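Note that the working numbering has the sequence shown beginning at 1186, numbered continuously upward.
See structure below.
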Amino acid sequence: MQSAMLQKTQVQIAVGSQRIVPARVSMGRSRSRVQAPLAAVADEQLTYKKAGVDIDAGDELVRRIQKLNPSIGGFSGFVPFGDSFLVAGTDGVGTKLKLAFDMNKHDTVGIDLVAMSVNDVVTSGAQPLFFLDYYATGKLDVDAAEQVIKGIVDGCNQSGCSLLGGETAEMPGFYQAGEYDLAGFAVGAVKKDKLIDGKKNIKAGDVVLAFKSSGVHSNGFSLVRKVLEKSKTSLHDKAPWTDKTFGEVLLAPTIIYVKKIVELHEKVGLKGVVHITGGGMPENIPRVIPNGLGVNVNVNSYEVPPLFQWLQKAGNVPIDDMRRTFNMGVGMIVVVDKSKVAEVQKLAPETFVLGEVVQGDGVKFV
């Protein structure tokens, strides 16, 4: 399966509208490029768990939370509001922030922050309405914070929502010098008769189409950082497949798919939408598929980007861990009736057929 997954891209890789924003609330007081060096493949296999993230433990926590609130488990939460649902989502940027600190580049992680929440919210068909952020740091660096907020405003513009404001918390002694953490909260709305509910509507024979990602997006960076460490690769080294450095490639902001998903749902009608976030395709696709059905992903349907090939080779990462940790080049998925594929691709020519819904369960790479 590993060779089949990667066979289409045989890249030689050396391993080694202005918005008015209300005032924010403040609480408390806040080189040169070189070719990546040749490096031996890691002696041991690296996994997300060895990098410090236990997906199984996270899944177990979700199962326990579901005992307290059975409605938990989708990409976003719903509250009835007249003839609509208010749809809410929350997320952060994770350890991708560590790369922003090291590169002293703070203008894109705000886009990531918005993307991670609005991409979840739009899976229900909801148009994001507004966004709130939380910025926490040990000592406030006004210039860095300004760049982060500029990115958040950019992300809100891309998704058609408003930044209502946020919380800036300065907490001495809580964070390392020069570091901060981010959290975001998005709320959208969808008419009740327009709600996308894959669990009710998807059937065998439906087609799965995919939108490509811009890279790692905002999940899996603990493993990325471990691979860089083990391969002795610097963020300032030039990536072998591009003129950009590893830092520039890895900090590429998460794509915001909101406007295209809303358009497709309005004009075509979508049966299901999947944001390929933490857990990759194997963990996220089943969240919208009815019991008794699964999805076959055609591994020859697209070229796995060279970044993921490099990460797998440099870290000696098993293919199953790659797929369960990273998006592998697929950022968003839509499920439609077979008769509507041509219509979707006319409106979104960047999509491609990734696979189909079949009898069974889970996700199989065939």
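Don't be surprised by glycine CBs; every beta carbon is placed ideally from N, CA and C.
Note that the structure is a prediction, hence the values are computed from the model and not measured.
Going by DSSP, what residues sit across from residue i in a beta bridge?
i: Ala1374; result: Leu1271, Gln1312
i: Pro1265; result: Phe1270
i: Thr1322; result: Glu1355, Tyr1365
i: Gln1332; result: DSSP lists no partner for Gln1332.
i: Ala1395; result: Ile1518, Phe1537
i: Val1502; result: DSSP lists no partner for Val1502.
i: Asp1276; result: Gly1369
i: Gly1350; result: Leu1317
i: Lys1549; result: Asn1481
i: Lys1526; result: At residue 1526 the sequence reads Val, which differs from the Lys that was named. The partner list for Val1526 (beta bridge, DSSP) is empty, contrary to what the question assumes.
i: Val1542; result: Val1480
For residue i, is the classification buried or exposed, using 16 other Cβ atoms within 10 angstroms of its Cβ as the cut-off for buried?
i: Gln1220; result: Because Gln1220 sits at a pLDDT of 44, beneath the cut-off of 50, its placement in the model cannot be relied upon, and the following sentence gives the value as read from the coordinates. When all chains shown are included, Gln1220 counts as exposed.
i: Ser1261; result: buried
i: Asp1276; result: buried
i: Pro1265; result: exposed
i: Ser1524; result: exposed
i: Asp1378; result: exposed
i: Phe1511; result: buried
i: Leu1478; result: buried
i: Gly1547; result: exposed
i: Arg1216; result: Because the pLDDT at Arg1216 is just 36, under 50, the model does not fix this residue reliably, and the value given afterwards should be weighed accordingly. By the neighbour-count rule (16 or more Cβ atoms within 10 Å), Arg1216 is not buried but exposed.
i: Thr1536; result: buried
i: Glu1245; result: exposed
i: Phe1316; result: buried
i: Gly1432; result: buried
i: Ile1446; result: buried
i: Ile1381; result: buried
i: Val1542; result: buried
Assuming residue i and residue j form a contact by the criterion Cβ under 8 Å, report the distance between their Cβ atoms to the nearest whole angstrom.
i: Ile1387; j: Val1473; result: 7 Å
i: Gly1540; j: Asn1469; result: At roughly 14 Å, the Cβ-Cβ gap does not stay under 8 Å, so Gly1540 and Asn1469 are not in contact.
i: Tyr1442; j: Phe1396; result: 6 Å
i: Gly1294; j: Ala1371; result: For the sequence presented, residue 1294 should be read as Val rather than Gly. The pair is not a contact, with the Cβ atoms about 16 Å apart (cut-off 8 Å).
i: Val1278; j: Cys1346; result: Contact doesn't hold; Cβ gap of about 18 Å is too wide.
Please say whether residue j and residue i have beta carbons closer to each other than 9 Å?
i: Val1557; j: Ser1309; result: Because the chain is modelled from 1186 through 1551, residue 1557 falls outside the range shown and cannot be assessed.
i: Ser1407; j: Leu1413; result: no
i: Ile1240; j: Gly1464; result: yes
i: Ala1300; j: Phe1270; result: no
i: Asp1292; j: Gln1332; result: yes
i: Glu1355; j: Tyr1319; result: no
i: Leu1284; j: Lys1415; result: no
i: Val1480; j: Lys1385; result: no
i: Lys1456; j: Asp1366; result: no
i: Leu1436; j: Met1288; result: yes
i: Val1164; j: Val1538; result: Since the first residue shown for the chain is 1186 and the last is 1551, residue 1164 is missing from the structure and cannot be characterised.
i: Gly1369; j: Thr1439; result: no
i: Gly1400; j: Gly1358; result: no
i: Val1272; j: Gly1350; result: no
i: Ala1321; j: Tyr1360; result: yes
*asked:* Ignoring anything shorter than 3 residues, give me the beta strand (DSSP E) runs that lie fully in the segment 1427-1493, in order along the chain.
replied: 1457-1460, 1478-1482
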